[in-house]
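J.: Can you keep this structure in mind? I'll have questions shortly.
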Amino acid sequence: MKREPRLQFSDADLAEPKLEKPIKQVKKAAAKADKAQAKIPKKTVVKKERGFDPATGKVKTQLRFEEVDKKKPPSKLTHAVRDAPANFVLSQVHREVAQSEDDNVGVEAAHKVEQTVESGGRLVQSAHRAHQLKPYRAAIRAEKKLERANIDALQKKAEIDRPTSNPVSKWQQKQAIKKQYAAAKHNQAAQTTAKAAENTAKAAKKAAEKAEKAGKYVWEHRRGFAIAAAILLMLAFLLNGLSSCSVLMDGVGSGIAASTYPSQDADMLGAEAQYCAMEAELQRYLDTYESTHDYDEYHFDLDTIEHDPYVLISIITALHQGEWTLDEVHGTLQMLFDRQYILTEDVVVETRYRTETDTWTDADGNTHTDTYQVPYDYYICTVTLENFNLSHVPVYIMSEEQFGMYATYMATLGNRPDLFPGSGYIGKYVEGSYTDYDIPPEALDDEVFAAIIKEAEKYLGYPYVWGGSSPSTSFDCSGFVSWVINHSGWDVGRLGAQGLCNICTPVSSANVKPGDLVFFTGTYDTPGVSHVGIYVGNNMMIHCGDPISYANLNSSYWQSHFYRYGRLP
Numbered sequence: 001m002k003r004e005p006r007l008q009f010s011d012a013d014l015a016e017p018k019l020e021k022p023i024k025q026v027k028k029a030a031a032k033a034d035k036a037q038a039k040i041p042k043k044t045v046v047k048k049e050r051g052f053d054p055a056t057g058k059v060k061t062q063l064r065f066e067e068v069d070k071k072k073p074p075s076k077l078t079h080a081v082r083d084a085p086a087n088f089v090l091s092q093v094h095r096e097v098a099q100s101e102d103d104n105v106g107v108e109a110a111h112k113v114e115q116t117v118e119s120g121g122r123l124v125q126s127a128h129r130a131h132q133l134k135p136y137r138a139a140i141r142a143e144k145k146l147e148r149a150n151i152d153a154l155q156k157k158a159e160i161d162r163p164t165s166n167p168v169s170k171w172q173q174k175q176a177i178k179k180q181y182a183a184a185k186h187n188q189a190a191q192t193t194a195k196a197a198e199n200t201a202k203a204a205k206k207a208a209e210k211a212e213k214a215g216k217y218v219w220e221h222r223r224g225f226a227i228a229a230a231i232l233l234m235l236a237f238l239l240n241g242l243s244s245c246s247v248l249m250d251g252v253g254s255g256i257a258a259s260t261y262p263s264q265d266a267d268m269l270g271a272e273a274q275y276c277a278m279e280a281e282l283q284r285y286l287d288t289y290e291s292t293h294d295y296d297e298y299h300f301d302l303d304t305i306e307h308d309p310y311v312l313i314s315i316i317t318a319l320h321q322g323e324w325t326l327d328e329v330h331g332t333l334q335m336l337f338d339r340q341y342i343l344t345e346d347v348v349v350e351t352r353y354r355t356e357t358d359t360w361t362d363a364d365g366n367t368h369t370d371t372y373q374v375p376y377d378y379y380i381c382t383v384t385l386e387n388f389n390l391s392h393v394p395v396y397i398m399s400e401e402q403f404g405m406y407a408t409y410m411a412t413l414g415n416r417p418d419l420f421p422g423s424g425y426i427g428k429y430v431e432g433s434y435t436d437y438d439i440p441p442e443a444l445d446d447e448v449f450a451a452i453i454k455e456a457e458k459y460l461g462y463p464y465v466w467g468g469s470s471p472s473t474s475f476d477c478s479g480f481v482s483w484v485i486n487h488s489g490w491d492v493g494r495l496g497a498q499g500l501c502n503i504c505t506p507v508s509s510a511n512v513k514p515g516d517l518v519f520f521t522g523t524y525d526t527p528g529v530s531h532v533g534i535y536v537g538n539n540m541m542i543h544c545g546d547p548i549s550y551a552n553l554n555s556s557y558w559q560s561h562f563y564r565y566g567r568l569p
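Be aware that the sequence shown starts at 1, since it is given in full-length UniProt numbering, and climbs by one per residue.
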């Protein structure tokens, strides 16, 4: 039976008033655990020890008697498996006898007596087994209580050594201490009891320091964690029902854990490096295309080769639904690469003519020159590379649950802003914040517009997720507007930006009012309307940018892409 470490406290710890109660509880629990261990039945075993006697030059064998704990009796499952054949035969006999009971009162009486005896035998056997297991069960309970007392004392000591006021840091401290305590306990067999306790205390202190750092980050970016928790909660409603939400969202700690990349740094950095190597190879192929091919003419239409590492790691983690290793995701990386980069090589063969001359001499010695057109094949190669944008891929390859987890990881960047500090998402989600705006009170007198804004402002700060159309997956621009108006009195379904534009009546800038939609073109490479927002008055809109926020329509960017205003039917 595994024993918990018996913690040793320094004089400074013993003198600390705040530790007096936890230390007292540890000592009390340890004493009870030792007492329970002492009640476990013992047996004496003989061990042989061999030694060399230099005086005689012979090997001597010495017998040593040692008292050890008796092994715990086997489980009920062992007895059930062992006795299964006999029980089966016995049940068959009872069945055969029962069939004859109705015809013979004597048989019936004898059978009842037999069943009573068997039942009594089983009760005696069960009672005997319970008596045998009693000291072992008592020892296990005592060790469990000691474990709790040890962890509580280490947690209290960590709070004194490194005090923190915010609840996230405290939660992180306790989880880290539990993990380090378990690791130190695992190595106990190779250490003395005192050494194990010392290592446990050191590990707990180290874990507390790391937890404080992590907790500080979480507290400073609690808005992002709140968004991640909201996405997880909506995902629970949709996939598991309300009764399962408590399992998924067990406090803020579960929200943090669920939004954190679970894989090791080496695997995540390795996956990013492998993807970058694939991109570099593609770039080399294009750079040397003309020298490695034999066409007559070349035309290139190439998108930039690039991706964001947080998008890559979030996609992989969502697809694999938890922790993964680099060896497990080679196929996933290739699949994502093939979907992001679409390379086409279109070769057109034209028949062209070149002028050739033939000079010859006739029988009289006269020289003649003939000119004529000779046809030949002329090869024109057009190379096109489309970067589909890796962030647009998830909606096409993920289930709703995976899509929701992808949005959760993106909302917090996996709680790892240190992993890829050069990412553009750091400025959007970690260092930056969304633009807020106070709606004039008089505008809210319009009940329809008030309903729109009440719904829209619920999602301020949510990340932009291509194809997203609900709080459980976050949103893209048209998904956000479709969701808001569908929950504010309309029923238009899920429409794209162009679709929303098509159902609206055009409105001039002079007649636009809060609640109208505003449309843009050319915000990315797509024909027609490419972006949509909700006009809120005073040349402001609320829209799903990156993240969802308010925006000033007077900016040069929005003015250069402005298309028109539209009023919903």
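All C-beta atoms, glycine included, are put in the ideal place defined by N, C-alpha and C.
Give me the Cα-Cα distance between residue 366 and residue 358, rounded to the nearest whole angstrom.
T.: The straight-line gap from Cα to Cα measures roughly 14 Å.
J.: To the nearest angstrom, how far is it from the Cα of residue 4 to the Cα of residue 138?
T.: Taking the straight line joining both Cα atoms gives about 14 Å.
J.: On the DSSP bridge list, what partners appear for residue 381?
T.: Per DSSP, 298 and 347.
J.: Going by CA-CA distance only, name the one from 477, 309 and 565 that's closest to residue 414.
T.: With distances taken between Cα atoms, residue 414 lies closest to 309.
J.: In whole angstroms, what separates the C-alpha of residue 459 from that of residue 471?
T.: Residue 459 and residue 471: Cα-Cα distance of roughly 8 Å.
J.: Does residue 134 come out as helix, strand or coil in the three-state DSSP assignment?
T.: In this structure, residue 134 counts as helix in the three-state DSSP scheme.
J.: Secondary structure at residue 365, three-state DSSP: helix, strand or coil?
T.: Coil.
J.: Grouping DSSP H, G and I as helix and E and B as strand, with all else coil, what is residue 481?
T.: Note: residue 481 maps to helix in three-state DSSP.
J.: Using the DSSP secondary-structure output, state which residues sit across from residue 544 in a beta bridge.
T.: Answer is 548, bridged to residue 544.
J.: The beta strand (DSSP E) that contains residue 519, what's its start and end?
T.: 517–521 is the span of the beta strand (DSSP E), which, as asked, contains residue 519.
J.: How far does the beta strand (DSSP E) with residue 562 in it reach, from first residue to last?
T.: That run of the beta strand (DSSP E) goes 562–567.
J.: Since residue 40 is in the alpha helix (DSSP H), which residue starts that stretch and which ends it?
T.: Per DSSP, residue 40 belongs to no alpha helix (DSSP H) and is neither H nor E.
J.: Is the CB-CB distance between residue 434 and residue 381 below 8 Å?
T.: No, the pair does not count as a contact, with Cβ atoms beyond the cut-off.
J.: Taking the continuous alpha helix (DSSP H) assigned at residue 332, which residues delimit it?
T.: Counting along the chain, the alpha helix (DSSP H) containing residue 332 begins and ends at 330–340.
J.: Leaving out the 5 sequence neighbours to the left and right, which residues in its chain are closer than 7 Å to residue 549 when beta-carbon positions are compared?
T.: Excluding positions up to five away in sequence, the list reads 434, 435 and 460.
J.: Give the list of continuous alpha helix (DSSP H) stretches no shorter than 4 residues that lie fully inside the segment 276–324.
T.: Correct list: 289–292 and 309–320.
J.: Let me know if residue 155 comes out buried or exposed under the rule of 16 or more other beta-carbons within 10 Å of its beta-carbon.
T.: Residue 155 should be labelled buried.
J.: Could you compute how far the alpha carbon of residue 420 sits from the alpha carbon of residue 273?
T.: The straight-line gap from Cα to Cα measures roughly 12 Å.
J.: In terms of DSSP beta bridges, what is residue 469 paired with?
T.: Answer is 475.
J.: Excluding the 5 residues flanking residue 314 on each side, which residues of the same chain have their C-beta closer than 7 Å to its C-beta?
T.: The residues are 406, 409, 410 and 414.
J.: Residue 519 and residue 563 - do their beta-carbons sit closer together than 8 Å?
T.: Yes, they are a contact pair.
J.: Could you check which residue in 134, 42, 396 and 149 has the C-alpha nearest to that of residue 339?
T.: The residue with the shortest Cα to Cα distance from residue 339 is 396.
J.: Taking C-beta to C-beta, are residue 384 and residue 344 nearer than 8 Å?
T.: Yes; because the gap between Cβ atoms is below 8 Å, this pair is in contact.
J.: Is residue 565 near residue 509, with beta carbons less than 8 Å apart?
T.: Result yes, Cβ atoms of residue 565 and residue 509 sit closer than 8 Å.
J.: Does the segment 321–330 come into contact with the segment 268–288, if we say contact requires no fewer than three beta-carbon pairs (one atom in each stretch) closer than 8 Å?
T.: Short answer: they touch.
J.: Compute the beta-carbon to beta-carbon distance between residue 349 and residue 303, rounded to the nearest angstrom, for a pair I have assumed lies under 8 Å.
T.: In fact, because the Cβ distance is near 26 Å, the residues do not count as touching under 8 Å.
J.: State the start and end residues of the unbroken beta strand (DSSP E) segment that holds residue 506.
T.: Where residue 506 is concerned, the enclosing beta strand (DSSP E) stretches over 505–507.
J.: Would you kindly work out how many angstroms separate the C-alpha atoms of residue 146 and residue 387, rounded to a whole number?
T.: Going from the Cα of residue 146 to the Cα of residue 387 covers about 59 Å.
J.: Can you tell me which of 485, 494 and 372 puts its alpha carbon nearest to the alpha carbon of residue 457?
T.: Selected option, being the one with the closest Cα: 485.
J.: From residue 450 to residue 561, what distance separates their C-alpha atoms?
T.: Computed Cα separation, rounded: 28 Å.
J.: Look up residue 105 in the DSSP assignment and say whether it is helix, strand or coil.
T.: Reliability fails at residue 105, whose pLDDT of 49 lies under 50, so the model's placement of it is uncertain and no value is given.
J.: What distance in whole Å lies between the Cβ atoms of residue 466 and residue 391, which are believed to be in contact at a cut-off of 8 Å?
T.: Residue 391 to residue 466, Cβ: 5 Å. Contact.
J.: Report the option in 290, 513 and 136 whose CA atom is closest to the CA atom of residue 440.
T.: Selected option, being the one with the closest Cα: 513.
J.: In or out: residue 307 buried (at least 16 other Cβ within 10 Å) or exposed?
T.: Classification for residue 307: buried.
J.: Give me whichever residues DSSP pairs with residue 327 in a beta bridge.
T.: According to DSSP, which records beta bridges pairwise, residue 327 is partnered with nothing at all.
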